[in-house]
Ligand SMILES: Nc1ncnc2c1ncn2[C@@H]1O[C@H](COP(=O)(O)OP(=O)(O)OP(=O)(O)O)[C@@H](O)[C@H]1O
Ligand SMILES: Nc1ncnc2c1ncn2[C@@H]1O[C@H](COP(=O)(O)OP(=O)(O)OP(=O)(O)O)[C@@H](O)[C@H]1O
Ligand SMILES: [Mg+2]
Ligand SMILES: [Mg+2]
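Spelled out as C-alpha cells, the structure:
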C-alpha cells in the first residue's frame, strides 16, 4: 500500500459488534491514503458499518480512528468527536435526502460559513455538473431514483470535507450518466486530494476510479492493493466469484519456470495443462485457477502465430444466447465457460459438437488459494 | 414483438404528466407479453412513473391499462381498480420495507389467504433462496443495503401476482449474489410465466434475463424488440451512450453489398473505411457508427488468417491504466478507444507511438441514425 | 375510596371510547383529499375553548327533557341521561375529543406514504394497511392520545360536576371529592386525596410509558442527544 | 369586550411560552438515552390528573406571600404573583404543559433517524439539525401542540379563577365571564359570549390549519382515502 | 368626594344581584366605583389569605369570615352579619306540579324525579335545605331524588335546564331575572337554622375609609331594604 510522506491519512483500527448481533463482527485495521480507495466486498460484509464508524454515526466497541494527527475516536481515552465536528462527507447508501427541502436547499445544507454569493455559485455549478439544474426546485419525493442519487452525491461533494465516504453512489444510474459523473469524481479527486473511501460492487467503477482496493469479507479485511492485484488475482474463492470469474477450476502445480515468471498446472483430473503466472507454490501443491469467461477466445481452426501460450482443443458442449452475448460451454476435459459475441458465433459457425480451440492468455489465469 | 395467442398480456396505453411538472410527460403505449421484458432508459426517462401507473399508485391523466381481458384502468369509463385489487407485485426502487416488522414478517405480509403451514414453508424457502434466513428476525434498520434489497425482492416474489414489476431490483448486490438471484428469477419466470417488467441500467442484467427490451427516453418509447436489436443496434445517439458504446464516430455510406449483408462506410474525414452490417441507407447518407471499446482487438503486427474484415493500421496515441484494464487511444485518422488487458499490453509491448493494427468484427459496428 | 375507583373507571371508559371513535375520525382527517377539511379540523378542537362548566351546562341542556339527546335517551332507555354514569361518559367524551383526535391526526400524517403504497401493492386493503402499518407506526401518537384523554378525564371536574350532580358512588369522581374538601377548608383531607390520586396516576402513566418504550425502543433508539 | 381580549392575550402568551419551554423538554425526552426517562414523561402528564381548581389552589399557595414562588417573585419584582396577569400565565403554563409536550415528543420521535445522521455528517450541530430538520418535519405535532395549548388555555377557568381572582380587566378571562353569567342564570348573555368566543376561536383555528395545509400538503398529500 | 376611587368587592354568588344594586346606589351617592367579583366563598377564603386585592368580602356564610378574622386577615371590628339567606322550592315555569299550592308535598310527587340542592357538605344553602327536609319529615323519602350542585347556583341550573324537576334554592336566586318566571314556594324561615352571611373589610384593603363607608351603607336602611328586596332576611340582632 503506497504511503505518502506527510499528508493527512485516514487511519482506522476498530472493532464493532452490532447490539443483539452475534454472528457479525467488524474487526478491521486500515489506512486510507489520498485519492480514491475502493472498498469492495459482498453484501453484508460490513462496508457500510465501517463507513458509519468512520463518520461517527456508529460508535465502535474499541479502537482508534484518526485523520493525520487529529484523533477522531479513541476508546482507551474515551474520546469521541461527534459526527458534525469530523468534517467527513458521507453519501449514504440510503441517500437520506431531506424530504421537506428542495434539491437546491438539500445541496446548500452543508454550506453555511460561506458568503451567500459563493454558495449560490457553488450550488449552481454542481447542479450543472450532475445535470439536475432543472430539478432544483423539486422535492426528493418528486424526482426519479437516479436523480435522487445525483442530488445526494452533489450534497456531499459541495462541502469541503477532510475525508469523503461514498457508499455505492452510482448504483441506479445509466451508463452515460455514470461515465459523466465518474469523470466529475476524477476531476474532483484530482483537485481536492483527500482520502476517499468508495464502496461499490461494480467492476466497471473499480476500473474507472480505483487507485487502490481494500477487499472486505465478513467483517475482516481480506486483501488490499492495486485493483488488479486484489481483484484479478483473488486469494479467496468467494471474492473470486464476487469479482465475476465464471471459471473456477481446481488445479495441481506441475512445475515452476521462474525465469519466465510462469508455472505449469494441470486442471482437475483431466490432461489439460496450462501456464499461469508464477506464485509461491511448489510442485504438487493444489489450488484453484480463476478465469473470466470474457478472457477466453474461441477459434474454429488451430490458431497460428499468436503470442498466447495456452491453446486448448475442445468440443462445444452447449451454446446459449443471452441477450447480446453467447455463452459457450466447451469441454476440453474440464468444462470452460466462454463468452463470445453472436457475430463470432456466426462467423466461426459455432454450434454444439463443433471442434474449437480455446485461447487463454497466461495473465488471464489467476491462482486462488 | 412476439405475441402469443391467448395469454393474459399486459396492455398499457397511457398519458401522465406530474402535477406541477411541465417538462416531463409520460406518453406510452406498450404490450408486455409473458416472460421478462426489460425496461431500459436513462435516469429520469419515466420508467418508475410507468410502473407506478401500472400498479395503480399513480393515476394516469388518460388512457387504458388491462391484463388480458380484465381492465384495470380506463379513463374514458372512469374506471380505476385500486392497487390492492390489481394483483400486481411491485418491487420499488426505494424498497419501502416496513420498518417495524422483521424481515420474515415483511415477507409474510402479502400472504394471507394461505394456510399457516404453507405460508411458513413458502417464506422459509424464499429466505433460503435469497440467503437471508439468518436475518429473518432482524428489522430493516438492522440489515445491510444489499440484504434489504433481497428482502424486498423476496417480499414481492412470494405472492402469486398476475404481473410482476421490478424497479432495479439487483442494484447494490455483488456479482456472486446477483448471479444467484438472476438464476432464481429465471427459474421463477419459467415456473410462473407471467408478464414481468424489469427496470435496469445494467447491460449484464439485460443479457442475463431479457427476452425483450423496451427502451424509454424522455417519457416515450424509443425502441422495442430483442435485446440485441434494441441495445446493440441503437437508433439514437443517447441510447448508444446509455448502452455503453465508447466509440461514436460519424460516417458516410460509400456503397452497399447486399449479397454479403454489409455496406462500406468511411469514418469522419479520414480515409478509414470499414464494413458494417447492411441498413436501410443509400450511398452518400450520413450517420453514426457505434463501437464498444471492448469489441476492438489490438495486434502488434498485421494479423493474418483471421476472419475479421476490418483491419485498420494506426498508432497508439495514449495508454492509460484504469484498474484492471488499459484504455488505449489509437489514431487511425479518427481516434478509437479500445480496451485491452494489461497482459496484452505487456505481451504486445504496447506503448504510446507504437504502430498497431485494430481488428473490428463487422457485427461489432452499429449504425446509429 | 369509591370516588377514586369511579374516576379511574370513567377515565378508562372515556379513553377507550375516544380511541374507538377518534381513530376513524383522525384517519379520515389525515388522509382525506377534501379541500375543506381544515374546517372540520377546527371544529374538532372547538370543545376545548369553552369553559368546562359551560360546556357541561350546554350538555345538560342537550340531555334535559327538552334536549335532543335527552329525548333520544329517554325513548331508548326509559330514563334521563343527566346525573347518570352514562351521561358523564358521553359528556367527557365530547370534552376530551380534541385531546384524542389531534395527536392521532398528527401521527397518522407522519407515516411514510411509500409504505402505504407498498402495503396496497401487496394486496392489503385499507383496513389491513391501517391495522398492520399505520397503527403500529403511529404508536407514539396513539399513546399520547390515550394518556392525554385518560389523564384529562381523571382531572376533569367542571363538566362532570355539571352533568353528574355529584352523587356519591354514581357520579362523584375523585376530582369533585378533592374539590369539595378544598371548598370546605379540609385541606389535610384534600391533600391526602390529591396525593393518592397523583400516586396512582403516576403508577399508571409509568406503566404505559415503560411498556411503550419496550415495544418501541429497540429498532429506533439510535439517535440520541450526546 | 375586554375579557375576550384578555383571554386571547393569555392564550397567546401561554401557547408561545409553552412552545418555548416545551420544545427543549420534548427534545430531550424524545432523544435522551436515559433509561429512566419514562418517569419524567409520566411526571409531565401529572398536572392533568388534578382538578383545575385544586391545581389552582396549590398554585395559589405557592404564589401566595408564604409560598416559595410568591416570595421569590416579591424579592425580584417587589410585588406578589397571585392575582396578576403574570401569575395567570405561569399557572396556565403549568397546567397546559402536557398538552404542548406530549404531541411534541410524539412527533420528534417519528422523525427518521437517518436524516439526523445526514444532517450531522453535513456539519450541522444539534441546534441547526433541530431547526432545519426536526422542527419542520414535526410540523403537524407542533401545530397540534399549539392548538391544544391555545384552545385549552382559552377554555381554562378553574386555575385562572383560583389564581387570578376574577378581577375585571386584569384576570377576568372570557371563560370566567361566561361562567359567571351561567352561574347567575343570565343565559342569553352567556350564549352570546360563548358564541362570540366560539366564532373567533373557529376563525383562528381555521387560519392555523389552512396555513398548515398549504405549507405541508404539496409534498406529502398523495396517499388518500379512496 | 372620592371621585375615581374603586372598591373591589368579593361577593358570594347568591348576593350577586343584591350587591350589584347596592353598588349602583353607593356609586351614585359617593362617586366611588364598586367592582364586584362573584364566586365561591371557599375560593375567596383561600384567595384573601393569599393576598387577593379585595377590599371587602361578602360571604355566603359566617364561618369563612370568622376564620379570616381569627387569622388576622380582617380589619378588626368590621366583621358583621349583613343578611340571612332564605330558601324556596322552585319548579320550572312549564312544570305541571303546583308547588305554590302543594308546598312540601310537591317534592313527593312522582313527576318530580330529581330534586336539585347545593352540596350540603360545602354549601350553607345545601345544609339548610337538608335540615328543612328533615324538619318536614320527608328527607328519607326524597333522599334518592337528590342531586347536588357545587353551589346553590348550580343547583338552580339543574332545575332550570329541566334535568331536575324541582330545586331547593336561594330565594335571592329565585328572584333573579333568569329564574323569576318559575314557580317558587318559600320555605318558612323556622324550618332550618339561619343561613347567616357575614361580611368584613380585608386588612390589606387599599382604601379602608371607602370600604367602611360601603359597609355602613349596607347597614343603612336603604341597604337593608335592597337586601330584603332581593330575598334576604335582615338579622334581628343588627
Ligand atoms: N411526483 C413527481 N412530481 C413531479 N415530477 C416527478 C415526480 N416523480 C417523478 N417526476 C419526474 O418525472 C420524470 C420521470 O421520473 P421517473 O421516476 O419515472 O424516472 P425513472 O425513469 O424511473 O429514472 P431513474 O432511472 O432515475 O429511476 C423525472 O424527470 C422526474 O423528475
Ligand atoms: N443496526 C444493526 N444491527 C444489527 N446488525 C446489523 C446492523 N446493521 C448491519 N448489521 C449487520 O451487519 C452486517 C454488515 O452490514 P453492512 O451494512 O455493514 O454491510 P455492507 O457491507 O454495507 O453490505 P451491502 O453491500 O449489502 O450494503 C450485516 O450482516 C448486517 O445484517
Ligand atoms: Mg452497505
Ligand atoms: Mg426510477
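Residue numbers (the working numbering), protein chains in the order written: chain A, 633 to 1001; chain W, 633 to 1001; chain R, 9 to 234; chain Y, 9 to 234; chain U, 7 to 244. For each residue, glycine too, the CB sits at the ideal point set by N, CA and C.
Query: Identify the continuous alpha helix (DSSP H) that holds residue 645(W) and give its terminal residues.; Result: Taken as a continuous stretch (DSSP letters only), residue 645(W) belongs to no alpha helix (DSSP H), being part of the beta strand (DSSP E) at 642 to 649.
Query: Taking the continuous beta strand (DSSP E) assigned at residue 708(A), which residues delimit it?; Result: First-last for residue 708(A): undefined, no H or E at that position.
Query: Write down the C-beta distance between residue 110(Y) and residue 150(R) rounded to the nearest angstrom, noting that I regard them as a contact closer than 8 Å.; Result: Actually they do not touch by this definition, with Cβ atoms about 12 Å apart.
Query: Hey, does residue 103(R) have any beta-carbon neighbour from chain Y nearer than 7 Å?; Result: no
Query: Output needed in chain order: residues of the segment 132 to 146 of chain Y with a Cβ under 9 Å from some Cβ in chain A.; Result: 132, 133, 134, 136, 137, 140, 141, 144, 145
Query: From the DSSP output, which residues share a beta bridge with residue 920(W)?; Result: 882(W), 1000(W)
Query: Looking at C-beta atoms only, is the number of pairs between the segment 53 to 63 of chain U and the segment 152 to 163 of chain U that lie closer than 8 Å three or more?; Result: no
Query: If you check the beta carbons only, do residue 919(A) and residue 999(A) fall under 7 Å apart?; Result: yes
Query: Nearest chain W C-beta to residue 130(R) closer than 7 Å, yes or no?; Result: yes
Query: Does the beta-carbon of residue 710(W) have 16 or more other beta-carbons within 10 angstroms, so that it is buried, or is it exposed?; Result: exposed
Query: Run through the DSSP bridge pairs and tell me what residue 39(U) is partnered with.; Result: 12(U)
Query: Spell out the partners DSSP gives residue 942(W) in its beta bridges.; Result: 992(W)
Query: Of all Cβ atoms in chain U, is any one closer than 7 Å to the Cβ of residue 7(Y)?; Result: Residue coverage of chain Y in this structure runs from 9 to 234, which leaves residue 7(Y) outside it and unanswerable.
Query: Any beta carbon of chain A sitting closer than 7 Å to that of residue 665(W)?; Result: no
Query: Would you give the residue range spanned by the alpha helix (DSSP H) that residue 833(W) belongs to?; Result: Unbroken run through residue 833(W): none, as it is neither H nor E.
Query: Under 7 Å Cβ-Cβ, which residues of chain R neighbour residue 726(W)?; Result: 122
Query: Just to check, is the beta-carbon of residue 679(A) closer than 6 Å to a non-hydrogen atom of ligand 2?; Result: yes
Query: Of the residues 933(A), 671(A), 738(A), which one's Cα is nearest the Cα of residue 943(A)?; Result: 933(A)
Query: Where does residue 972(W) sit, in a helix, a strand or coil, going by DSSP?; Result: strand
Query: Can at least three beta-carbon pairs, one atom from the segment 98 to 111 of chain U and one from the segment 160 to 176 of chain U, be found at a separation below 8 Å?; Result: yes
Query: Report the residue from 840(A), 946(A), 884(A), 734(A) whose alpha carbon sits nearest the alpha carbon of residue 971(W).; Result: 840(A)
Query: Of all the residues that make up the segment 759 to 770 of chain A, which are near chain W by a beta-carbon distance shorter than 7 Å?; Result: 766
Query: Once DSSP output is grouped into helix, strand and coil, what is the label at residue 186(R)?; Result: helix
Query: Kindly indicate if chain U contains any beta-carbon less than 7 Å away from that of residue 59(Y).; Result: no
Query: Flag residue 653(W) as yes when its Cβ comes closer than 6 Å to any non-hydrogen atom of ligand 4, and as no otherwise.; Result: no
Query: Assuming residue 100(Y) is part of the alpha helix (DSSP H), what are its boundary residues?; Result: 93 to 117
Query: If we count the other Cβ atoms within 10 Å of its Cβ and call it buried at 16 or more, is residue 87(Y) buried or exposed?; Result: exposed
Query: Taking the alpha-carbon of residue 917(A) as reference, which of 882(A), 903(A), 660(A), 782(A) has the nearest alpha-carbon?; Result: 882(A)
Query: Let me make sure I understand the geometry here. Which of 75(U), 66(U), 208(U) has the alpha-carbon closest to that of residue 178(U)?; Result: 66(U)
Query: For residue 87(U), does the three-state DSSP call read helix, strand or coil?; Result: strand
Query: If you run the structure through DSSP and keep just helix, strand and coil, what is residue 963(A)?; Result: strand
Query: Taking 7 Å as the CB-CB cut-off, is residue 252(R) touching chain Y?; Result: Coverage of chain R is limited to positions 9 through 234, which leaves residue 252(R) absent and any answer about it impossible.
Query: Measure the CB-CB distance between residue 652(A) and residue 848(A) and report whether it falls below 7 Å.; Result: no
Query: Which residues in chain R sit within 8 Å of residue 234(U), going by Cβ to Cβ distance?; Result: Near residue 234(U) there are no residues of chain R at all, since even the closest Cβ is about 28 Å away, more than 8 Å.
Query: Taking the alpha-carbon of residue 58(Y) as reference, which of 197(R), 187(R), 84(R), 192(R) has the nearest alpha-carbon?; Result: 187(R)
Query: Below 7 Å on C-beta distance, what does residue 830(W) contact in chain R?; Result: Near residue 830(W) there are no residues of chain R at all, since even the closest Cβ is about 16 Å away, more than 7 Å.
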